[in-house]
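Q: Order-wise, the sequence lines are chains A and B. Numbered per this note's numbering, the first sequence finishes at 282, counting up by one with no gaps. Numbered per this note's numbering, the second sequence finishes at 282, counting up by one with no gaps. For glycine and all other residues, C-beta sits at the position ideal for the given N, C-alpha and C. Just so we're clear, the structure is a prediction, and the values are computed from it rather than from any experiment.
There are 2 protein chains.
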Amino acid sequence: MNKSEIKNRKSTIVVKLGGTEGVDFSAICRDAAGLLAGGHKLVLVHGGSAEANALGEAVGCPPRFVTSPSGYTSRYTDRRTLEIFAMAVNGKVNTLLVEQLQTLGVNAFGLSGLDGGLMRAKRKAAIRIVENGKKKILRDDYTGKIESVDASLLQALLEAGCTPVIAPLALSEKGEALNVDADRAAAEVAAALQAGTLILLTAVPGLMRAFPDESTLIPEISAADLEAALGYAQGRMKKKVLGAQEALAGGVGRVVIADGRVEQPITGALAGRGTVIR
Amino acid sequence: MNKSEIKNRKSTIVVKLGGTEGVDFSAICRDAAGLLAGGHKLVLVHGGSAEANALGEAVGCPPRFVTSPSGYTSRYTDRRTLEIFAMAVNGKVNTLLVEQLQTLGVNAFGLSGLDGGLMRAKRKAAIRIVENGKKKILRDDYTGKIESVDASLLQALLEAGCTPVIAPLALSEKGEALNVDADRAAAEVAAALQAGTLILLTAVPGLMRAFPDESTLIPEISAADLEAALGYAQGRMKKKVLGAQEALAGGVGRVVIADGRVEQPITGALAGRGTVIR
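Rendered as structure tokens:
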């Protein structure tokens, strides 16, 4: 990398859009279009749990969540659930986000981690869970933890004037499709691109010392203090804190956990609204 | 284009995979992997009507087909149907094809016509139909006819060692997602790439003079005689004949309409099995 490449990369912003209710995708798209017109480079990573749940219910395959012995909850993804996840997340959320951006004049490019081997993950072949007080092992789960992101592919799209929009699926060592956590996918993408800023948009104003009391919002926190934050982060926020740790360890300039329900969520986060972590 | 570029393009093969029952996607993928290993360049375009119909039924929005005054039948695509189409075709068929190719060691790259503005189409804003003997106009339909394909985008993917796998969605002038006919999308892609061969795989051995009598298979036909073929082509075969005309008029070397139900369907078509049109 020469100096201009480094500068270029540092100006890249990776934004994770939650699938949570209340997060306004159209406001995010309008904000993104304005920032792109102003010369920023953006990469969007999205979730889609709510859409996957709704589709699963509609086709008679409601979501099942399992709990690990250490208390983490995750979606149980057998093969049928994986296909429903692909339809909802890659088929609907990704396609409609790309459409929305294209109507705003943004040359969006939707892809998942499978395409061109963008994101490779290690499949969690056996998952320990606790069900009705008993420990069990699940062996047919298609979830994974990302091990590598091909930054050159994203860089080529950015250089071609495209805005990548990434769905949280990755390739296993065997080429299987795996469901991956979108917050941590965004963190790995940001690290691979050596992005200046990773913004994790959610349906709360940021990290709170005593959730859900918004007056306890933490405006700034150092990477060193993040470990303690894992203690008071609730539910999904735990994965955002893990993602923030991974991104900073990977060389990302700063991470902002910010409110996705406001009019200009990305601009707001860039101005420091939310919880800034560095 | 210099001479080596022209030679390069002429060696490109565009293959349309039907969504029709009986067409064996896994045999097509294995055949594709073998040909790629032998140095061929492939671009795949797929349909997904059967998957879209099945998903529509499952979520309580069964497909509706409408008939034009001149007797052509097409899928009525209101906004909800478009979303179902995107889920089934872009979310499921495309993702699982990419996965299947990746497990075979092919660096497949799935995209739809929305991504990076790959395929732009003119929306059919008002569709004339005949229903219960009465003429009607539908104004909420999201289908279109392709007007341009960005060959440079596909060329860049091919040069990066990827095999593009294209879902039949395109962008309207306003950036809306449109459902497009996959056979004609494949023809436009082949023309844009100045491909040497366009192969349209289907669930019959080729074009027959008296469908379904397979002994009337036409092994070879000139582009000039295709107009007459529109007379005896039945149902979906009409769109393949239209696609073949468009591809040849656009500079594609030859078009082969071939059987997708056999063990090596692409290799067979390249060897001239099916109906060869030039």
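Since T220/A and G264/A are thought to touch, with beta carbons under 8 Å apart, how far apart are those beta carbons, to the nearest angstrom?
A: In the first sequence, the residue the question calls residue 220/A occupies position 216. In the first sequence, the residue the question calls residue 264/A occupies position 260. About 19 Å separates the two Cβ atoms, so there is no contact after all.
Q: At what residues does the beta strand (DSSP E) containing D145/A begin and finish?
A: For the purposes of this step, residue 145/A is taken as residue 141 along the first sequence, with counting starting at 1. No beta strand (DSSP E) contains D145/A, which DSSP labels as neither H nor E.
Q: For N183/B, does the three-state DSSP call read helix, strand or coil?
A: Counting from 1 along the second sequence, the entry for residue 183/B is found at position 179. Strand at N183/B.
Q: Cα separation between Q238/A and F215/A?
A: In the first sequence, the residue the question calls residue 238/A occupies position 234. In the first sequence, the residue the question calls residue 215/A occupies position 211. Rounded to the nearest angstrom, the two C-alpha atoms are 7 Å apart.
Q: So what does D263/B bridge to, in DSSP terms?
A: Here residue 263/B refers to the residue found at position 259 of the second sequence. The partner list for D263/B (beta bridge, DSSP) reads T206/B.
Q: Mind checking F113/B: buried by the 16 CB within 10 Å criterion, or exposed?
A: Within the second sequence, numbered from 1, the residue matching residue 113/B stands at position 109. Flag for F113/B reads buried.
Q: List the endpoints of the continuous beta strand (DSSP E) containing M123/B.
A: One-based indexing of the second sequence puts residue 123/B at position 119. Run containing M123/B: 123-127, per the beta strand (DSSP E) assignment.
Q: With 16 as the cutoff for other CB atoms within 10 Å, does P73/B come out buried or exposed?
A: Reading the second sequence from its first residue, position 69 is the one you call residue 73/B. Exposed: under 16 other Cβ atoms inside 10 Å.
Q: If the criterion is Cβ atoms closer than 8 Å, does the pair A181/B and E103/A meet it?
A: Your numbering for residue 181/B matches position 177 in the second sequence. Your numbering for residue 103/A matches position 99 in the first sequence. Going by C-beta atoms, A181/B is nearer than 8 Å to E103/A.
Q: Taking 8 Å as the limit between beta carbons, can you name the residues of its chain near L21/A, skipping five residues before and five after?
A: Taking the first residue of the first sequence as position 1, residue 21/A is located at position 17. The residues are V27, F29, I32, L48, V49, H50, G51, L101, L205, G264.
Q: In the region 113-137 of chain A, which residues sit with their C-beta less than 8 Å from some C-beta in chain B, listed in chain order?
A: Within the region 113-137 of chain A, the qualifying residues are F113, G114, L115, S116, L118, D119, G120, G121.
Q: Am I right that D187/B and K243/B are in contact with their C-beta atoms under 8 Å? What's the rounded C-beta distance?
A: Along the second sequence, one-based indexing puts residue 187/B at 183. Along the second sequence, one-based indexing puts residue 243/B at 239. So it is a contact: roughly 5 Å between Cβ atoms.
Q: Could you tell me how far apart the beta carbons of N183/B and R79/B are, in whole angstroms, since I believe they sit closer than 8 Å?
A: Locating residue 183/B in the second sequence gives position 179, where the first residue counts as 1. Locating residue 79/B in the second sequence gives position 75, where the first residue counts as 1. Right, the Cβ-Cβ distance comes to about 7 Å (below 8 Å), so this counts as a contact.
Q: Considering only residues of the region 62-142 of chain B, which uninterrupted alpha helix (DSSP H) runs meet the minimum length of 4 residues and lie entirely inside it, listed in chain order?
A: Those alpha helix (DSSP H) runs which fall completely within the region 62-142 of chain B and span 4+ residues are 83-89, 98-107.
Q: Is there at least one Cβ from chain A nearer than 8 Å to K96/B's Cβ?
A: Locating residue 96/B in the second sequence gives position 92, counting from the first residue. Answer yes: the Cβ-Cβ gap between K96/B and chain A drops below 8 Å somewhere.
Q: Name the one or two DSSP bridge partners that K45/B has.
A: What you label residue 45/B is simply residue 41 of the second sequence in a count that begins at 1. T16/B, per the DSSP bridge assignment.
Q: Rounded to whole angstroms, what's the CA-CA distance from I203/B to V260/A? Just pull it up for me.
A: Position 199 of the second sequence holds residue 203/B. Position 256 of the first sequence holds residue 260/A. Taking the straight line joining both Cα atoms gives about 50 Å.
Q: Need the endpoints of the beta strand (DSSP E) that A171/A sits in, please.
A: Mapped onto the first sequence, residue 171/A falls at position 167. That run of the beta strand (DSSP E) goes 167-171.
Q: In the DSSP assignment, the beta strand (DSSP E) including T279/B goes from what residue to what residue?
A: Here residue 279/B refers to the residue found at position 275 when the second sequence is read from its first residue. First-last of the beta strand (DSSP E) with T279/B: 279-281.
Q: Quick one: grab the DSSP three-state call for R34/A.
A: Sequence index remark: in the first sequence, residue 34/A carries index 30 (1-based). The answer is helix: DSSP assigns R34/A an H, G or I state.
Q: Could you compute how far the alpha carbon of G254/B sits from the alpha carbon of P66/A?
A: For the purposes of this step, residue 254/B is identified with residue 250 of the second sequence, where counting begins at 1. For the purposes of this step, residue 66/A is identified with residue 62 of the first sequence, where counting begins at 1. C-alpha separation (whole angstroms): 48 Å.
Q: Kindly list the residues whose CB is nearer than 8 Å to the CB of K96/B, restricted to its own chain and excluding five residues on each side of it in sequence; keep chain order.
A: Reading the second sequence from its first residue, position 92 is the one you call residue 96/B. The answer, listed in chain order, is G52, E55, L59.
Q: Are the CB atoms of Q167/B and L274/B nearer to each other than 8 Å?
A: Counted from its first residue, the second sequence places residue 167/B at position 163. Counted from its first residue, the second sequence places residue 274/B at position 270. It should be noted that the sequence gives Thr, not Gln, for residue 167/B. No. Outside cutoff.
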